[in-house]
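Undergrad: Structure incoming, see below.
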Amino acid sequence: MNKCKFLTMAAIAATMVMTSCSKGDETVNNNDRVAAQFSAGNMAYVQTRVNGTDWGGGEHIGIYMLNNNGSNNFSLTATNISVGVDNREYEASTGPTATFTSPDGNTIYYPASGDDVKFIAYYPYSSSVNGAYELPVSVADQTDQSAIDVLYAPAGTASNKILPDAVLPFEHKLVKLAFSIITSGDVTIKIDNQYTTGTLNLVNGTVAPTGNETNDITVQGQGGNSVIEAIVFPGTNTGKKFHFTDNSGTYTVDIPDNWVGGTLYYYSVTLVKTTAVITGTIAPWGTVSNTGGSVTAN
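So the sequence shown is numbered by this note's numbering: it starts at 6 and just counts up by one.
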């Protein structure tokens, strides 16, 4: 009788030990999640952030985490979205080597399986990305150019919970124009017949205008030593013009370039009586180039 009681108590104790171990293992698994660590990569290339070559801090990006479903294809599709990380909103810190964290605690964790994943990201964040993974883009309002400086980070090197650091290689997708105008007083620049709305395809990083309607883009600033900037869509400019207006009148000149995405076009402009003289340099955004030409128009 005592022997039976001893065996029964031993069995109960063993069951308790096994249950305790099971719960302990579960707790370890829950705490074994590894958060993705994001940085912006070569910020010297991402030049038009709020503070020159730096992220100003507080910019919101969207992130997609992608698996390869057993292949080597990490493309952005609904079936490749990993553990529900579908347009997750993250926020930038300040500086040229910005890091990104979740503003609401909705942290991105790597798959517990340890599988490799890749990330696609873009700026500025929008909840209006459609089912075809197209981000709406508008350059109609040039007031805050950091808000329309569209950036795209294609899928880079794979990472996982063992190697959690993920670099987001952002690149500019639109065109930056910079005008240095030799005149005194305020200057208004009108760029005629430009597309002002379009989309960024997050699958392949291409930008395209929406529809056939074009509008004038207007920016303002001061002459002298200041630089007046605009951000526009890539495209051809045959028959299109710049119009410069200061206190002495309006000066018109043909746009001398067809614009390529991710490129900075720097124009030095002299307004003299009825003539505008433009000299220009063309460079990848964030670098310096000595190429360029000049145009004179009445």
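All C-beta atoms in this analysis are idealised placements derived from N, C-alpha and C, irrespective of residue type, glycine included.
Using a C-beta cutoff of 8 Å, does residue 163 count as contacting chain B?
TA: Although the question refers to chain B, the structure presented lacks it and comprises just one protein chain.
Undergrad: In three-state DSSP terms, what is residue 112?
TA: Of the three classes helix, strand and coil, the one that applies to residue 112 here is coil, per DSSP.
Undergrad: Can you look up residue 92 in the DSSP assignment and give me helix, strand or coil?
TA: Residue 92 falls in the coil class under three-state DSSP.
Undergrad: Rounding to the nearest angstrom, what Cα-Cα distance links residue 119 and residue 40 in this structure?
TA: Between residue 119 and residue 40, the C-alpha separation is close to 12 Å.
Undergrad: Please work out which residues of its chain come closer than 8 Å, Cβ to Cβ, to residue 212, disregarding the five sequence neighbours upstream and downstream, and give them in chain order.
TA: Taken in chain order, the residues that qualify are 142, 155, 178, 179, 203, 204, 205, 206, 238, 239 and 266.
Undergrad: The beta strand (DSSP E) with residue 127 in it runs from where to where?
TA: That run of the beta strand (DSSP E) goes 123 to 128.
Undergrad: Does the Cβ-Cβ distance between residue 193 and residue 241 come in under 8 Å?
TA: No. Outside cutoff.
Undergrad: So the candidates are 160, 116, 275 and 176; which of them puts its Cα closest to the Cα of residue 38?
TA: Residue 116 is the option with its Cα nearest to residue 38.
Undergrad: In the DSSP assignment, the beta strand (DSSP E) including residue 198 goes from what residue to what residue?
TA: Run containing residue 198: 191 to 199, per the beta strand (DSSP E) assignment.
Undergrad: Going by beta carbon distance, what residues of the same chain come within less than 8 Å of residue 74, once the five residues before and after it are set aside?
TA: 84 and 85, listed in sequence order.
Undergrad: Output the distance between the C-alpha atoms of residue 161 and residue 276, rounded to the nearest integer angstrom.
TA: Between residue 161 and residue 276, the C-alpha separation is close to 46 Å.
Undergrad: Using the three-state DSSP reduction, which class does residue 85 fall into: helix, strand or coil?
TA: Here residue 85 sits in helix by DSSP.
Undergrad: Have a look at residue 245 and residue 183 and give me their C-alpha separation to the nearest angstrom.
TA: Straight-line Cα distance between these residues: approximately 17 Å.
Undergrad: Using 8 Å as the threshold, is the segment 90 to 99 in touch with the segment 60 to 77, meaning 3 or more CB pairs across them?
TA: Result yes; three or more Cβ-Cβ pairs closer than 8 Å.
Undergrad: What separation, rounded to the nearest whole angstrom, lies between the Cα atoms of residue 198 and residue 108?
TA: Computed Cα separation, rounded: 39 Å.
Undergrad: Which residue marks the beginning of the beta strand (DSSP E) containing residue 272, and which one marks its end?
TA: Taken as a continuous stretch (DSSP letters only), the beta strand (DSSP E) holding residue 272 covers 268 to 277.
Undergrad: In terms of alpha-carbon separation, which member of 263, 144, 132 and 173 lies closest to residue 103?
TA: Ranking the options by Cα distance to residue 103, first place goes to 173.
Undergrad: With C-beta atoms as the reference, is residue 215 less than 8 Å away from residue 144?
TA: Not closer than 8 Å, so no.
Undergrad: Taking Cβ to Cβ, would you say residue 186 is nearer than 8 Å to residue 233?
TA: Closer than 8 Å, so yes.
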